[in-house]
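J.: Encoded as structure tokens, here's the structure I'll be asking about.
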């Protein structure tokens, strides 16, 4: 089976100037990968004739499928259509069907057809006209020398509709595509190199048809297993076999699979145990509560929270002893313990989660530099704590503390702390 | 003056598989554009030797500056470093200074250096070692045949720090770049087309050398003025003249300039007035507090907050009348008024800001569909409210509510509500 290779070309000065984020290329990458087409390159060029023609020529040398977005509007700086005609050596002519579609599009919206929009119904004679039901610039499909080309408008919802209705089905129908199965193991609380160290023997004994990739992000590392073969169920079984082998080595770091986030995983564990949580956030200033409540349905297990940003409110709202604050300070183990316990009681929750620290950039001193942060998780039975020594960066400290706190709760829920 | 051309190369299968969004290329595009470097192409390739080397070769043919991100981690699938050495025909050798930096990085975090991490201090002999203060993979700077190359890790905050501390200053110092002056006017509370309508006469009378761009983002629109010329001070004066002309037309929507965020602008206004705020967040679940506290120094004006996610806590913690909750519901004007007033008093603040609504996707009904949200801002003198009718999307509703609430407080602080 021949591997089908695709290249994505995005056209537009506004992309190169950083005025618009190119979400199209990312989405197309995902969709092609899902159907077993290998994306080998993404190229972004500006509205210059030479760069666009060069990109076409280079892409044709390496790809079987070339998907082009952008440069199709009615205005002067849109070059894609004339350049496609010139690249394929054909004329541009009116396609009556396309004109009818543009006319209907405008009629439905109670607007008049402008001459500029009429021009959008003129297409290279070598292309197959692909109707765009949600916009005015049609799709153009070419097949030349065994390569398939599709040109689409850059407006994301128009591109997506053309991809889903026409391009993806057409590619699937015309190629004998390999079967691919992906599964992502999501870990937290361990760095990439330590993880790699723990699983190096497993990794080196992976079968040929299964590839492993490390995808680190803030405080987390994803392990992506990709299996290539002939039979989907078989690949799935092969990947599951490998996951079962690696699990014992790193089980305590695994919080979920595929797209599940840490806050979703913690929510799932809380729901399964029929438990509720409340939050007392000082240095994280509401960020942990935000993560928890960003999950639909979180009202099932999130009771509420208190953000006692100043010490007086740690005392008035969370009964932290003024003597503790005076002697050990707000950034101390007894303070987070008191906060976690009191917020749990106050919200009639099963778990209280608390943070207190110096997020920075100001406020640190020798004994407690910026990045010194205490977290605590209180249950009805006991309260566990952790001291973090993080970075100089305020946002990073807030985010890393949130991940560590959610992970602490996850560890309690999965009984790793006993 | 020669135009300096740049190409951005992003490396990683995870990008082509669509598993990670490439935010780096977009950010780099923006920063290079700001200093007058023209980005002519962005190329994304996978972890394949041949594709990477081909991309290097093609880029060298057209660009003066080549910025590479990704493929620098300690694990096996990272290829960039050996390929750079092979491309430039040099060895890889230990850089003691780099080893010291990696060792310090780990020591500070109380972790042991692994052999994999030690390898990160081995660099191509032709490169200039660029210390990465926030990560373990160093930057590598090459100058060959008049072309400047920089290889950076793909982790965004590491890449950004290397760009800001080293790459951008270095490019500026080594080329005769055109003079460009940018200023961004930041607006909130008005859509792009309404804004365009208010300023259309001003826009059409802008001088030739000043360009205007509309940059819409969630709930906000930025107006970027870019002036091109010979003399920086003159350009700055020209842009200020234009801003003074447009200001009277849209003054009440302007919250700040350039990079100031809405939460920073609100913080600045609070500090100027020597006032303090407290938050009572139901449907926003801590997100507004998070935005406020993401600003360094926010402890000067943020007292704290309460997140009474369930109705019982709106009563027990914020004294919302149970009769009000029963008759008018949690998503109602009297509820947010009571929340805003009580949180202001409880935290001894000058302003109380409150939200209560149906973020979705569940929980809506005919009279109060998903997206129905009340916000309130209470001062010592009065309490003002606003009803929002937002979207079906939970995260969007949370974000748009936060922007509307901060804008409400901004309007109170700038006395637009009197």
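Residue numbers (UniProt numbering), protein chains in the order written: chain A, 1 to 418; chain B, 1 to 418.
Ideal Cβ placement from N, Cα and C applies to all residues, glycine included.
Only a predicted model underlies this, so the values are computations on that prediction, with no experimental measurement involved.
Just to confirm before moving on: does the CB-CB distance between residue 310 (chain A) and residue 290 (chain B) stay below 7 Å?
T.: No, the pair does not count as a contact, with Cβ atoms beyond the cut-off.
J.: Run through DSSP, which three-state label would residue 175 (chain B) get?
T.: Note: residue 175 (chain B) maps to coil in three-state DSSP.
J.: How far does the alpha helix (DSSP H) with residue 343 (chain B) in it reach, from first residue to last?
T.: Looking at the DSSP string, the run of the alpha helix (DSSP H) that includes residue 343 (chain B) is 333-346.
J.: Could you tell me which uninterrupted beta strand (DSSP E) segments, each at least 3 residues in length, are contained entirely in the region 267-346 of chain B, listed from first to last along the chain?
T.: Here the runs fully enclosed are 277-281 and 302-307.
J.: If the cut-off is 9 Å on Cβ atoms, which residues from the region 25-40 of chain A count as contacting chain B, listed in chain order?
T.: Those would be 25, 26, 27, 28, 29, 30, 31, 32, 33, 34, 38, 39 and 40, in chain order.
J.: Against residue 215 (chain B), what residues of chain A qualify as contacts under a CB-to-CB distance less than 8 Å, listed in chain order?
T.: Within 8 Å Cβ-Cβ: 19.
J.: Hey, is residue 103 (chain B)'s beta-carbon within less than 7 Å of any beta-carbon in chain A?
T.: No, because no Cβ of chain A sits closer than 7 Å to the Cβ of residue 103 (chain B).
J.: Excluding the 5 residues flanking residue 276 (chain A) on each side, which residues of the same chain have their C-beta closer than 6 Å to its C-beta?
T.: Cβ neighbours of residue 276 (chain A) beyond the five flanking positions: 301, 303, 349 and 350.
J.: Tell me, to the nearest whole angstrom, how far the beta carbon of residue 188 (chain A) is from that of residue 220 (chain A); I am working on the premise that it is less than 8 Å.
T.: Right, the Cβ-Cβ distance comes to about 5 Å (below 8 Å), so this counts as a contact.
J.: Just to confirm the assignment, what range does the alpha helix (DSSP H) spanning residue 261 (chain B) have?
T.: Here residue 261 (chain B) belongs to no alpha helix (DSSP H), and DSSP marks it neither H nor E.
J.: Rank A:229, A:216 and A:120 by C-alpha distance to the C-alpha of residue 35 (chain A) and give the top, closest one.
T.: The residue with the shortest Cα to Cα distance from residue 35 (chain A) is A:229.
J.: Write down every uninterrupted run of the beta strand (DSSP E) in the region 198-259 of chain B whose length is 3 residues or greater and which is fully enclosed by it, in chain order.
T.: Listed in chain order, they are 210-217, 220-229 and 254-257.
J.: Where residue 379 (chain B) and residue 412 (chain A) are concerned, what is the direct C-alpha to C-alpha distance, given to the nearest angstrom?
T.: Whole-angstrom Cα-Cα distance: 42 Å.
J.: So, is the C-beta of residue 301 (chain B) closer than 7 Å to a C-beta in chain E?
T.: No chain E appears in this structure, whose protein chains are A and B.
J.: State yes or no: is the beta carbon of residue 190 (chain B) nearer than 7 Å to at least one beta carbon in chain A?
T.: Not an interface residue.
J.: Could you check the C-alpha separation between residue 48 (chain A) and residue 62 (chain B) for me, to the nearest Å?
T.: So the alpha carbons of these two residues sit roughly 13 Å apart.
J.: Does the region 139-157 of chain A touch the region 50-69 of chain A, meaning 3 or more C-beta pairs lie closer than 8 Å?
T.: The region 50-69 of chain A is in contact with the region 139-157 of chain A.
J.: Does the region 393-402 of chain B come within contact of the region 241-254 of chain B, defined as at least 3 CB pairs closer than 8 Å?
T.: No, the region 393-402 of chain B does not touch the region 241-254 of chain B.
J.: If you check the beta carbons only, do residue 358 (chain A) and residue 408 (chain A) fall under 7 Å apart?
T.: No, these two residues do not count as a Cβ contact at 7 Å.
J.: Quick check on residue 45 (chain A) - is its C-beta less than 7 Å from some C-beta in chain B?
T.: Chain B, which has a Cβ nearer than 7 Å to the Cβ of residue 45 (chain A), makes this yes.
J.: Going by DSSP, what residues sit across from residue 39 (chain A) in a beta bridge?
T.: DSSP output for residue 39 (chain A) lists A:6 as bridge partner(s).
J.: For residue 308 (chain B) and chain A, any beta-carbon pair shorter than 7 Å?
T.: Residue 308 (chain B) counts as touching chain A.
J.: CA-CA distance, residue 225 (chain A) and residue 80 (chain B)?
T.: Residue 225 (chain A) and residue 80 (chain B): Cα-Cα distance of roughly 22 Å.
J.: Could you work out which residues of chain B lie near residue 267 (chain A), taking near to mean beta carbons separated by less than 7 Å?
T.: By Cβ distance, chain B contributes nothing, its closest Cβ being about 13 Å from residue 267 (chain A), past 7 Å.
J.: So, is the C-beta of residue 419 (chain A) closer than 7 Å to a C-beta in chain B?
T.: In the structure as shown, chain A starts at 1 and stops at 418, and residue 419 (chain A) therefore has no counterpart that could be examined.
J.: Under 7 Å between the Cβ atoms of residue 11 (chain B) and residue 70 (chain B)?
T.: Their beta carbons are under 7 Å apart, which means residue 11 (chain B) touches residue 70 (chain B) by this criterion.
J.: Compare the C-beta of residue 287 (chain A) against all C-beta atoms of chain B and say whether one is closer than 7 Å.
T.: Interface residue, yes.
J.: Between which two residues does the alpha helix (DSSP H) carrying residue 144 (chain A) extend?
T.: Careful: residue 144 (chain A) lies outside any alpha helix (DSSP H), inside the beta strand (DSSP E) at 139-144.
J.: Tell me whether residue 130 (chain A) sits in a helix, a strand or coil according to DSSP, three-state version.
T.: It is a strand residue.
J.: Suppose contacts are defined by Cβ-Cβ distances below 7 Å. Is residue 340 (chain B) in contact with residue 354 (chain B) by that definition?
T.: The answer is yes: Cβ separation under 7 Å.
J.: Rounding to the nearest angstrom, what Cα-Cα distance links residue 72 (chain A) and residue 88 (chain A) in this structure?
T.: Cα to Cα, the separation comes out at about 17 Å.
J.: Starting from the Cα of residue 185 (chain A), find the closest Cα among A:239, A:170, A:103 and A:166 and give me that residue.
T.: Taking only the C-alpha atoms, the option nearest residue 185 (chain A) is A:239.
J.: Contact defined as beta carbons within less than 8 Å: I believe residue 139 (chain B) pairs with residue 166 (chain B). What is the distance between those atoms, to the nearest angstrom?
T.: Rounded, the Cβ-Cβ distance is 6 Å, consistent with contact.
J.: Is the beta carbon of residue 306 (chain B) less than 7 Å from the beta carbon of residue 317 (chain B)?
T.: Closer than 7 Å, so yes.
J.: In chain B, which residues lie with their C-beta within 8 Å of the C-beta of residue 109 (chain A)?
T.: Residues of chain B passing the Cβ test: none, with the nearest at roughly 15 Å.
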